[in-house]
Amino acid sequence: MNEQSTQKIVAEVIKQLHYKSKQEVPIGVSARHCHLSKRDIERLFGKGYQLTKRSNLSQPGQFAANETITIVGLKGSIGGVRILGPERGATQVEISQTDTFKLGVKAPIRLSGNIQGSSPITIVGPKGSVYLDEGLIIAQAHIHMSEDDAYHLGLHNAEHVSVEIKNGVRPILFEKVRIRISPNYNLEMHIDTDEANAGAIHSGQKGKIIKAGNVQ
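Spelled out as structure tokens, the structure:
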């Protein structure tokens, strides 16, 4: 074995020890937002309209758009809801439990993209409105990670873990946090504003993965 091969193995061992000793994941707090299909973008903003980028998000290729919409429920409405791009195959709106009280709606806790049988909502834009029979959810806490991250952390897609966050103010433990693995993901745990407020958490803080659960 030559010196170059030895150094490569040593570097890999150090990398694995680093992951296993820290088991840390950065936290991203997601405010209410909306993903729109091309059809619904045109219904809300006009034929041929394309979203314009405001800022990049932590996950590659995803961005916050300059455009916002208003969502309307049975008892009230919430304006200034940010649209995230790029466009998706199906429209969905992600809110917090607190938002459901203002809107007068019920929304299931789901992973993003799992909208079958979810709640209805009306979306209003400058050029029109869209009524969704389903598409309103509260996002389940989850962790995005690459295949390399998952390998070094010893985790698998769709697995559930617990994450402990200690900030000296409101230490909190999140359970049933879903692992989502893709070659295009950067390592980050996503929680909503209600969850962040409960633990006095802000984006950029780190949590510790402390327990693996069963795949469900």
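Going by my numbering, the sequence shown opens with residue 2, and the numbers climb by one from there. Beta carbons: idealized from backbone N, C-alpha and C, even for Gly.
Whose CA, out of the options, lies closest to the CA of residue i?
| i | options | result |
| --- | --- | --- |
| SER163 | ASN3, SER6, VAL26 and LYS9 | VAL26 |
| ARG55 | GLU176, PRO184 and GLU68 | GLU68 |
| GLN93 | SER147, ASN185 and PRO109 | PRO109 |
| ASN185 | ASN115, LEU154 and GLN60 | GLN60 |
| LYS103 | LYS76, PRO87, ARG83 and GLY86 | LYS76 |
| LEU156 | ARG179, THR7, LYS9 and TYR50 | ARG179 |
| SER183 | ALA197, ASN158, ASN198 and ALA201 | ASN158 |
| ASP150 | GLY90, GLY81, GLU189 and SER113 | GLU189 |
| THR99 | GLN51, SER78, ARG40 and ASN57 | SER78 |
| ILE166 | ILE28, GLN8 and THR7 | ILE28 |
| GLN117 | ALA91, ASN57 and ILE96 | ALA91 |
| ASN57 | LEU85, GLY105 and MET146 | LEU85 |
| ALA199 | GLY114, ASP41, SER147 and SER97 | SER97 |
| GLY148 | ARG181, ARG40 and GLN24 | What sits at residue 148 in the sequence shown is Glu, not Gly. GLU148 has its Cα closest to that of ARG181, out of ARG181, ARG40 and GLN24. |
| LEU112 | GLU95, GLY105 and THR101 | GLU95 |
| GLU135 | GLY114, GLU43 and GLN141 | GLY114 |
From residue i to residue j, what distance separates their C-alpha atoms?
| i | j | result |
| --- | --- | --- |
| THR194 | ASN3 | 52 Å |
| LEU133 | LYS107 | 14 Å |
| ILE210 | PRO127 | 43 Å |
| ILE144 | GLN63 | 16 Å |
| PRO121 | LEU137 | 6 Å |
| LYS207 | LYS48 | 43 Å |
| LEU174 | ASN187 | 22 Å |
| LYS177 | ALA66 | 30 Å |
| PRO87 | GLN5 | 43 Å |
| GLY74 | HIS153 | 44 Å |
| GLU125 | ARG83 | For clarity, residue 125 is Val in the given sequence; the question names Glu instead. Answer to the nearest angstrom: the Cα atoms are 12 Å apart. |
| HIS191 | GLN8 | 36 Å |
| SER129 | TYR50 | Checking the displayed sequence, the identity of residue 129 turns out to be Gly instead of Ser. Cα to Cα, the separation comes out at about 13 Å. |
| GLN24 | HIS161 | 14 Å |
| THR53 | ALA197 | 28 Å |
Three-state secondary structure (DSSP) at residue i?
| i | result |
| --- | --- |
| SER119 | coil |
| HIS34 | strand |
| ILE138 | strand |
| THR53 | coil |
| ASN67 | strand |
| SER130 | strand |
| GLN93 | strand |
| LEU85 | strand |
| HIS191 | strand |
| LYS9 | helix |
| GLU153 | Sequence check: residue 153 is His here, not Glu. Here HIS153 sits in helix by DSSP. |
| GLU160 | coil |
| LEU75 | coil |
| LYS39 | helix |
My understanding is that residue i touches residue j, with C-beta atoms under 8 Å, so please give their C-beta distance in whole angstroms.
| i | j | result |
| --- | --- | --- |
| LEU45 | VAL170 | Between VAL170 and LEU45 the Cβ distance is about 40 Å, and since that is not below 8 Å, they are no contact. |
| VAL30 | ILE139 | Contact doesn't hold; Cβ gap of about 14 Å is too wide. |
Stretch pair the region 35–51 + the region 69–86: three plus CB contacts closer than 8 Å: yes
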